[in-house]
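Student:
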Amino acid sequence: MKRGLKSIGVGAAVVASILLSSTSAQAATTGKGKSYYGCTNTVKMWRSGGTIYANAKQVCAHKMKTQRPSIALSGNNGKTFVSKIAGCKKTKTCSTPTVKLKATKKWTYRASNSGTGSFASQGTGDFWWPVNTVAHATYKYK
Numbered sequence: 384m385k386r387g388l389k390s391i392g393v394g395a396a397v398v399a400s401i402l403l404s405s406t407s408a409q410a411a412t413t414g415k416g417k418s419y420y421g422c423t424n425t426v427k428m429w430r431s432g433g434t435i436y437a438n439a440k441q442v443c444a445h446k447m448k449t450q451r452p453s454i455a456l457s458g459n460n461g462k463t464f465v466s467k468i469a470g471c472k473k474t475k476t477c478s479t480p481t482v483k484l485k486a487t488k489k490w491t492y493r494a495s496n497s498g499t500g501s502f503a504s505q506g507t508g509d510f511w512w513p514v515n516t517v518a519h520a521t522y523k524y525k
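Residue numbering for the sequence shown follows my numbering, beginning at 384 and increasing consecutively.
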């Protein structure tokens, strides 16, 4: 009986280790900037297989005239870099397209969302948002 239970336990451990080692998706790393007039910038970054992905979102408590979230993803202190910006009119939520970079072991990846928006009427210019509204996330590929 003990021998049978021991072999079942060993078999379960082997199956568990195989399942854990074959999982390629990495839990997402997120960042959030300080809220500004009811709007918050967020960024999400994750790894799946040999690729690092990131996207950004801007969520507001009220409809904005224009929202402009931006995603910037860099690897190894800017050795690789990709960015995109989105624009949405008269909405509360706006997201960027997902960007991606090839994942290289031992590199550190950084993503940020320095999105801005306009509360003003048409024809007036946007204004700069404070630096503390920028959302940041960092991921170290081991």
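C-beta atoms are modelled at their ideal positions from N, C-alpha and C, and glycine is treated no differently.
State the beta-bridge partners of VAL426 as determined by DSSP.
Tutor: Translated into the one-based positions of the sequence shown, residue 426 becomes position 43. GLY414, ALA439.
Student: Secondary structure at ASN459, three-state DSSP: helix, strand or coil?
Tutor: Counted from its first residue, the sequence shown places residue 459 at position 76. Coil.
Student: Considering only the alpha carbon of each residue, which of LYS415, HIS445, SER431, LYS472 lies closest to ARG451?
Tutor: Within the sequence shown, residue 451 is the residue found at index 68, counting from 1. It is LYS472.
Student: At which residues does the beta strand (DSSP E) containing LYS483 begin and terminate?
Tutor: Locating residue 483 in the sequence shown gives position 100, where the first residue counts as 1. Its beta strand (DSSP E) spans residues 482-485.
Student: What does a CB cutoff of less than 8 Å around TRP511 pick up in its chain, not counting 5 residues either side in sequence?
Tutor: Mapped onto the sequence shown, residue 511 falls at position 128. Excluding positions up to five away in sequence, the list reads THR499.
Student: Below 6 Å CB to CB, which residues in the same chain sit around MET447 once its five sequence neighbours on both sides are set aside?
Tutor: By 1-based counting over the sequence shown, the position of residue 447 is 64. GLY500, listed in sequence order.
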